[in-house]
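Undergrad: In the working numbering, the protein residues as written are 1262 to 1614.
Note that beta-carbon positions come from the ideal geometry of N, C-alpha and C, so glycine has one too.
I have a structure I would like to understand better, so I am pasting it below and will then ask my questions one at a time.
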Amino acid sequence: MKGIIYAGSLSTLFSFLFTPILIRLLARKGYGQEIRDDGPKSHHTKRGTPTMGGIVFISASTFAYLISHLISGVALSASALLVIGLMCGLGLVGFLDDWLKISRKQSLGLKAREKLLGQAIIAAGFGVLGLHFRDSYGLTPISTHLSTVRETSLVIGTAAAIIWIIFLVLGTSNGVNLTDGLDGLASGAAILAFLAFILIGVWEFKQSCALGQVSQCYEVRDPLDIAVLAAALAGACAGFLWWNASPARIFMGDVGSLALGGAISGIGIVLRTEMLLALLGGLFVIITLSVIIQTGFFKISGGKRVFKMAPLQHHFELLGWGEVTIVIRFWIIAGLSVAAGLGLFYGQWVVSQ
């Protein structure tokens, strides 16, 4: 349990201290954010703000996780290392996208199919590797059983499991990417999701079949170590949010948003709470749906729109809502979604007793 405190506090400190250093470095190099010309006009004042800040919380969370294990003397787990690999892999795809935008001096980076292909390859690698590395109880980081709020008895097979994982990773990473449109919005919502995963990981550890529990125990490979990683990620996002809150001095960029989405989906998968991702990441789902609805209706209606602009946060900007107001209210929605997810998780366990 001490690992959770070590990882969370160290990552917060690292992220808080090193983000301003990265801000100065990026500003000196001229690596600033390019703004879409068709976006809200108020965003044009943000042009040139240093981007690619996701490098900080990827590094801070990884280092804090490793150092916490060095301090506690606990061995690293395959599950956490795979999630870190997924996060870093998707962060690399995002970094390439950000770098192309900066080097070209425009808001277009990788082509959509190139970005999706890169994400899919990383997700597939995560899925394939996750089906290996059995522990002494025969558990692997990823299961071929479909999971909802916990693992079910429904076996979907290796190929279907990998395809399902690709879908979850792509959906979550792009959902976070779409949400990252206002100062602090995505990082604040991600903190809430990671805090929920800390509670879930600790609970699954306490009710683990490996500890001799017999009634409705959880067969999860490394739940406590995943809670340690979730604490590191929550802390890293908190330290970054200090500088990313409005008016943001740095943006996370695609390197950050894709990495965060990968970490959220990866943790949900290894904790066997795949369907619960829709609630724990409820804000990301809502914003993604707004884009799907807008695009679909635009095509079938011959150019009409449901929202003034998608993603949804920009619709409210064009209605005249202030940026801080939108962010706080969307954080409230994210918090309520997380609370509902935790309630459903615990409620399932209570009912099954």
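Could you say which of S1272, M1313 and T1273 lies nearest to A1509 if we only look at CA atoms?
TA: In the sequence shown, residue 1509 corresponds to position 248, counting from 1. Selected option, being the one with the closest Cα: M1313.
Undergrad: Quick one: what's H1406 bridged to in DSSP?
TA: Translated into positions along the sequence shown, residue 1406 becomes position 145. BP columns for H1406 point to V1416.
Undergrad: Based on DSSP bridge pairs, tell me the residues matched to Y1479.
TA: Numbered from 1 along the sequence shown, position 218 holds the residue referred to as residue 1479. DSSP lists S1469 as partners of Y1479.
Undergrad: Indicate the three-state DSSP secondary structure (helix, strand or coil) for Y1398 in the structure shown.
TA: Taking the sequence shown and counting its residues from 1, one reaches residue 1398 at position 137. In the structure shown, Y1398 sits in coil (DSSP, three-state: anything other than H, G, I, E or B).
Undergrad: So for I1511, helix, strand or coil by DSSP?
TA: Here residue 1511 refers to the residue found at position 250 of the sequence shown. If DSSP states are grouped into helix, strand and coil, I1511 belongs with coil.
Undergrad: Can you give me the Cβ contacts of I1594 inside the same chain, cut-off strictly under 6 angstroms, excluding the 5 residues immediately before and after it?
TA: The residue labelled residue 1594 in the question sits at position 333 within the sequence shown. Hits under 6 angstroms: L1544.
Undergrad: Would you call the CB atoms of A1493 and S1338 closer than 9 angstroms?
TA: For the purposes of this step, residue 1493 is taken as residue 232 along the sequence shown, with counting starting at 1. For the purposes of this step, residue 1338 is taken as residue 77 along the sequence shown, with counting starting at 1. Not in contact: A1493 and S1338 (Cβ atoms no closer than 9 angstroms).
Undergrad: Could you tell me which of S1448, Q1380, G1514 and S1414 sits nearest to L1369, measuring between CA atoms?
TA: Sequence index remark: in the sequence shown, residue 1369 carries index 108 (1-based). Looking at the Cα atoms, G1514 is the closest of the given residues.
Undergrad: Leaving out five residues before and five after H1576 in sequence, what residues of the same chain have Cβ atoms less than 6 angstroms from its Cβ?
TA: The count along the sequence shown starts at 1 and reaches residue 1576 at position 315. Within the same chain, H1576 has close Cβ partners F1568, K1569 and M1570.
Undergrad: Counting only the same chain and skipping the five closest in sequence on each side, list residues whose C-beta sits under 7 angstroms from that of A1471.
TA: On the sequence shown, position 210 is the one that residue 1471 refers to. Excluding positions up to five away in sequence, the list reads Y1398.
Undergrad: So, at 6 angstroms on beta carbons, what are the nonlocal neighbours of T1409 in its own chain, with the 5 sequence-adjacent residues on each side left out?
TA: Position 148 of the sequence shown holds residue 1409. Result list for T1409: M1536, in chain order.
Undergrad: Leaving out the 5 sequence neighbours to the left and right, which residues in its chain are closer than 7 angstroms to L1429 when beta-carbon positions are compared?
TA: Sequence index remark: in the sequence shown, residue 1429 carries index 168 (1-based). Excluding residues within five positions, the ones whose Cβ falls inside 7 angstroms are S1526, I1530, E1535 and L1538.
Undergrad: Grouping DSSP H, G and I as helix and E and B as strand, with all else coil, what is T1534?
TA: Translated into the one-based positions of the sequence shown, residue 1534 becomes position 273. Three-state result, T1534: coil.
Undergrad: Quick one: is L1378 buried, meaning 16 or more other Cβ sit within 10 Å of its Cβ, or exposed?
TA: On the sequence shown, position 117 is the one that residue 1378 refers to. Exposed, by the Cβ-count rule.
Undergrad: Between which two residues does the alpha helix (DSSP H) harbouring A1506 extend?
TA: Against the sequence shown, residue 1506 aligns to sequence position 245. From DSSP, A1506 is part of no alpha helix (DSSP H); its letter is neither H nor E.
Undergrad: Could you tell me the boundaries of the alpha helix (DSSP H) in which F1568 lies?
TA: Counting from 1 along the sequence shown, the entry for residue 1568 is found at position 307. Where F1568 is concerned, there is no enclosing alpha helix (DSSP H), given that its DSSP letter is neither H nor E.
Undergrad: Check each candidate in G1517, I1363, T1323 and S1551 and name the one with the smallest Cα separation from G1622.
TA: Only positions 1262 to 1614 of the chain appear in the structure, and residue 1622 is not among them; the question remains open.
Undergrad: Along the chain, where does the alpha helix (DSSP H) containing V1389 start, and where does it finish?
TA: Residue mapping note: residue 1389 aligns to position 128 of the sequence shown, counting from 1. From DSSP, the alpha helix (DSSP H) with V1389 extends over A1373 to G1391.
Undergrad: Applying the criterion that 16 or more other CB atoms from any shown protein chain within 10 Å of the CB defines a buried residue, is M1348 buried or exposed?
TA: In the sequence shown, the residue the question calls residue 1348 occupies position 87. The residue in question, M1348, is buried, as its Cβ has 16 or more Cβ neighbours within 10 Å.
Undergrad: Taking the alpha carbon of I1316 as the point to measure from, which residue in P1281, G1269 and S1329 has its own alpha carbon closest?
TA: Here residue 1316 refers to the residue found at position 55 of the sequence shown. Of P1281, G1269 and S1329, the residue nearest in Cα terms is P1281.
Undergrad: Taking the Cβ atom as the reference point for each residue, do F1455 and A1491 lie within a distance shorter than 9 angstroms?
TA: Against the sequence shown, residue 1455 aligns to sequence position 194. Against the sequence shown, residue 1491 aligns to sequence position 230. A contact, by the Cβ cut-off of 9 angstroms.
Undergrad: Going by alpha carbons, who is nearest to T1549 out of F1324, H1406 and A1447?
TA: The residue labelled residue 1549 in the question sits at position 288 within the sequence shown. Comparing Cα positions, the closest option is A1447.
Undergrad: So, I1427 versus A1373, is the Cβ gap smaller than 9 angstroms?
TA: Here residue 1427 corresponds to residue number 166 of the sequence shown, with the count starting at 1. Here residue 1373 corresponds to residue number 112 of the sequence shown, with the count starting at 1. It is not a contact, given that the beta carbons lie outside the stated cut-off.
Undergrad: Given that a residue counts as buried once 16 or more other Cβ atoms are within 10 Å of its Cβ, and exposed if not, what is H1330?
TA: Along the sequence shown, one-based indexing puts residue 1330 at 69. Buried, by the Cβ-count rule.
Undergrad: Is the CB of L1378 under 9 angstroms away from at least one CB in chain D?
TA: Among the chains in the structure shown there is no chain D, since it carries only a single protein chain.
Undergrad: Once the 5 residues before and after S1276 are set aside, which same chain residues still bring their CB inside 6 angstroms of it?
TA: Along the sequence shown, read from residue 1 onward, the residue named residue 1276 stands at position 15. Same-chain partners within the cutoff: V1317, F1318, A1321, A1497, G1500 and F1501.
Undergrad: Please classify T1419 as buried or exposed, where buried requires at least 16 neighbouring CB atoms within 10 angstroms.
TA: In the sequence shown, counting from the first residue as 1, residue 1419 sits at position 158. Classification of T1419: exposed, given that the 10 Å Cβ count is below 16.
Undergrad: Closest to F1356 by C-alpha separation, out of T1433, F1394, H1406 and Y1292, would be which residue?
TA: Along the sequence shown, one-based indexing puts residue 1356 at 95. Ranking the options by Cα distance to F1356, first place goes to Y1292.
Undergrad: Under the rule that 16 or more other beta-carbon atoms within 10 Å means buried, what is G1553, buried or exposed?
TA: Your numbering for residue 1553 matches position 292 in the sequence shown. The sequence given here places Ile at residue 1553; Gly does not occur at that position. With fewer than 16 Cβ atoms within 10 Å of its Cβ, I1553 is classed as exposed.
Undergrad: Report buried or exposed for A1336, applying the criterion of at least 16 other Cβ atoms within 10 angstroms of its Cβ.
TA: Taking the first residue of the sequence shown as 1, we reach residue 1336 at position 75. Its Cβ having fewer than 16 others within 10 Å, A1336 is exposed.
Undergrad: May I ask which residues mark the beginning and end of the alpha helix (DSSP H) holding R1590?
TA: Here residue 1590 corresponds to residue number 329 of the sequence shown, with the count starting at 1. Segment E1584 to S1613, the alpha helix (DSSP H) holding R1590.
Undergrad: Go through its chain and collect everything with a Cβ distance to L1407's Cβ below 6 angstroms, but skip five positions before and after it.
TA: Stepping through the sequence shown from its first residue, residue 1407 is reached at position 146. Contacts found: T1413, L1415 and I1417.
Undergrad: Could you tell me if K1565 is buried or exposed, where buried requires 16 or more neighbouring beta carbons within 10 angstroms of its beta carbon?
TA: The residue you call residue 1565 lines up with position 304 of the sequence shown. Exposed.
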